[in-house]
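The numbering used here numbers the first residue of the sequence shown as 322 and each following residue consecutively. Ideal placement from N, C-alpha and C gives every residue a C-beta, glycine not left out. Model, not experiment: these values are computed from the prediction. Worksheet: one structure, shown below.
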Amino acid sequence: MEAKEKHWNERGDNMEKIKAAVSMELWPEQLKELESCCDVKILPWTATDILPTEEEIIEECSGCEAVLFYTDPVTERVIRELKEKGLKLIGCGRATPNNIDTKTAKELGIPVIHAPGRNAHSVAEYTVGMMLDICKRISFTYHGLWSGRFLADEKDIYDVPDKKDVIWRFKDRENPRSSYPWGIDVYGRTVGIIGLGHIGQNVAKICSGMGMKVAAYDPFQPQETFDAVCAKKYEDPIRMLPSCDFVSVHLSVTPETKGMINDEWFNAMREDAYFINSSRAAVVDQRSLIEALENKKIAFAAVDVMWDEPAPKNHPFFTMDNVLLTPHMAGISTDSKKWASEMIAEDLLNYVRKQSLVRVWNR
Ligand SMILES: NC(=O)C1=CN([C@@H]2O[C@H](COP(=O)(O)OP(=O)(O)OC[C@H]3O[C@@H](n4cnc5c(N)ncnc54)[C@H](O)[C@@H]3O)[C@@H](O)[C@H]2O)C=CC1
Ligand SMILES: O=C(O)C(=O)[C@H](O)COP(=O)(O)O
Numbered sequence: 322m323e324a325k326e327k328h329w330n331e332r333g334d335n336m337e338k339i340k341a342a343v344s345m346e347l348w349p350e351q352l353k354e355l356e357s358c359c360d361v362k363i364l365p366w367t368a369t370d371i372l373p374t375e376e377e378i379i380e381e382c383s384g385c386e387a388v389l390f391y392t393d394p395v396t397e398r399v400i401r402e403l404k405e406k407g408l409k410l411i412g413c414g415r416a417t418p419n420n421i422d423t424k425t426a427k428e429l430g431i432p433v434i435h436a437p438g439r440n441a442h443s444v445a446e447y448t449v450g451m452m453l454d455i456c457k458r459i460s461f462t463y464h465g466l467w468s469g470r471f472l473a474d475e476k477d478i479y480d481v482p483d484k485k486d487v488i489w490r491f492k493d494r495e496n497p498r499s500s501y502p503w504g505i506d507v508y509g510r511t512v513g514i515i516g517l518g519h520i521g522q523n524v525a526k527i528c529s530g531m532g533m534k535v536a537a538y539d540p541f542q543p544q545e546t547f548d549a550v551c552a553k554k555y556e557d558p559i560r561m562l563p564s565c566d567f568v569s570v571h572l573s574v575t576p577e578t579k580g581m582i583n584d585e586w587f588n589a590m591r592e593d594a595y596f597i598n599s600s601r602a603a604v605v606d607q608r609s610l611i612e613a614l615e616n617k618k619i620a621f622a623a624v625d626v627m628w629d630e631p632a633p634k635n636h637p638f639f640t641m642d643n644v645l646l647t648p649h650m651a652g653i654s655t656d657s658k659k660w661a662s663e664m665i666a667e668d669l670l671n672y673v674r675k676q677s678l679v680r681v682w683n684r
């Protein structure tokens, strides 16, 4: 039998390298670190859109003690067969390892490490970006210019002596009596955060930094979490809503949160409130939100997630001028993959060094 290659660990012990197969993207720093203590095999479908079959996964990962997946369908059969061939640790470079049969892994005593909050900065920045976009009328005015709805109006050009300092103002064809689609400042306004987890906390921090007041509802977070992000804690969301200029939703989907944001919530919001959902559509009652927007119970909605994806072309949102819609992209950034690479590599190294794993999926 071929002798296993050895490496020196941090304590100076001479350890055997473990075999690890990888289909998630690892950053060069992490790959280098892992290669010092693992015999790393990059799986052929890594960084492609190809989803491997059960047979392909079993064949390629056979004999590996650890496998780091991304979106590969890791079924009961895959886990059972790979366990027979030496699998002891599964990694998934996602926050929620929906593609892994975690029940079977648990039953067989195989820990599944994952990357919670890997895209928390991305979604938080997106969320604040949407708030600023609405307030500063960025997409609205750009779209108006692009489509020809806005016209430069000579009368509104400031009368300055040398004419070099002309400020371009424009008229809205559809609303000619208003000279400019005025926006608002976020400074001094209040954001109400629903769900103060990884993403909600990041949104709170950014908003505090912009001089906003932060209110939050999350019955599962301790007072310290609210204090750490300067958020006023509310026990009852319905009492919080009237104080909010912005309501931003960051809930996970649970039987309790499904359809939780309904008529009662929209009735409690202010007519000038902006509603943002970058979490999951399932936590919002679709009819309630559409009616709230149609009946001007709220001013505006920015939405990244839809009940059916991709959004059907005939969805009412596409004809409403008080909706800003994006195609479920808040969490997509190069950096999200980098954070996942760091988190998963850290735990694989912990495994090799026989130290406690930090991020084990426990649901
Ligand atoms: N649009 C996109 O591209 C992305 C969307 N997401 C979604 O964003 C959401 C939040 O993600 P994370 O912050 O990472 O999750 P998380 O699990 O860290 O936070 C969720 C928070 O919701 C709270 N919560 C649960 N039940 C609640 C209830 N009944 N009432 C009030 N609060 C409750 C939890 O206590 C937790 O603090 C998830 O639904 C996730 O799927 C995440 C990444 C990307
Ligand atoms: O809705 C979501 O949740 C997402 O879009 C996330 O991007 C999923 O994140 P991962 O679980 O793939 O890290």
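CA-to-CA distance, residue j to residue i, given in whole angstroms
i: L364; j: M650; result: 26 angstroms
i: E386; j: V604; result: 39 angstroms
i: N671; j: L410; result: 11 angstroms
i: D625; j: R601; result: 8 angstroms
i: E375; j: A623; result: 39 angstroms
i: Y463; j: P349; result: 39 angstroms
i: G407; j: L389; result: 14 angstroms
i: F621; j: W503; result: 14 angstroms
i: C456; j: D506; result: 6 angstroms
i: T396; j: N419; result: 11 angstroms
i: K579; j: G509; result: 32 angstroms
i: W682; j: E446; result: 26 angstroms
i: D656; j: V343; result: 19 angstroms
i: H636; j: L645; result: 13 angstroms
i: T369; j: R415; result: 16 angstroms
i: E612; j: N496; result: 24 angstroms
i: K675; j: D360; result: 17 angstroms
i: R684; j: D422; result: 11 angstroms
i: N523; j: E405; result: 42 angstroms
i: C382; j: L403; result: 7 angstroms
i: D477; j: S654; result: Confidence at D477 is low in this model, with a pLDDT of 49, below 50, so the placement of that residue is unreliable and no value is reported for it.
i: P633; j: F639; result: 9 angstroms
i: L562; j: E630; result: 28 angstroms
i: A341; j: L669; result: 9 angstroms
i: A549; j: N643; result: 34 angstroms
i: D454; j: Y595; result: 11 angstroms
i: Q544; j: I619; result: 30 angstroms
i: P576; j: G384; result: 39 angstroms
i: F541; j: F471; result: 47 angstroms
i: L678; j: R560; result: 41 angstroms
i: T367; j: Y391; result: 8 angstroms
Residues sharing a beta bridge with residue i, DSSP
i: L410; result: A387
i: T396; result: T396 is not bridged to any residue.
i: L614; result: For L614, which the question treats as bridged, DSSP gives no partner whatsoever.
i: I515; result: Y538, V570
i: I339; result: C359
i: F471; result: D493
i: V507; result: None, per the DSSP bridge assignment.
i: L645; result: A623
i: V433; result: I411
i: I421; result: V395
i: V681; result: I434
Contact belief for residue i with residue j at Cβ below 8 angstroms, rounded distance in angstroms
i: E592; j: K617; result: 6 angstroms
i: V444; j: C528; result: Actually they do not touch by this definition, with Cβ atoms about 14 angstroms apart.
i: G516; j: H571; result: 4 angstroms
i: D493; j: G465; result: 7 angstroms
i: M452; j: F567; result: 6 angstroms
i: T425; j: I459; result: About 47 angstroms; that fails the 8 angstroms criterion.
i: T511; j: C551; result: In fact, because the Cβ distance is near 12 angstroms, the residues do not count as touching under 8 angstroms.
i: Q607; j: W628; result: 5 angstroms
i: S599; j: G518; result: Actually they do not touch by this definition, with Cβ atoms about 13 angstroms apart.
i: L372; j: P394; result: 6 angstroms
i: M345; j: I665; result: 7 angstroms
Any chance you could list the residues with Cβ under 6 angstroms from a heavy atom of ligand 2, keeping chain order? R415, A416, T417, R439, N440, R601, H649, G652
List in chain order: all unbroken beta strand (DSSP E) runs of 3+ residues lying wholly within the region 541-606. 552-554, 567-570, 595-598
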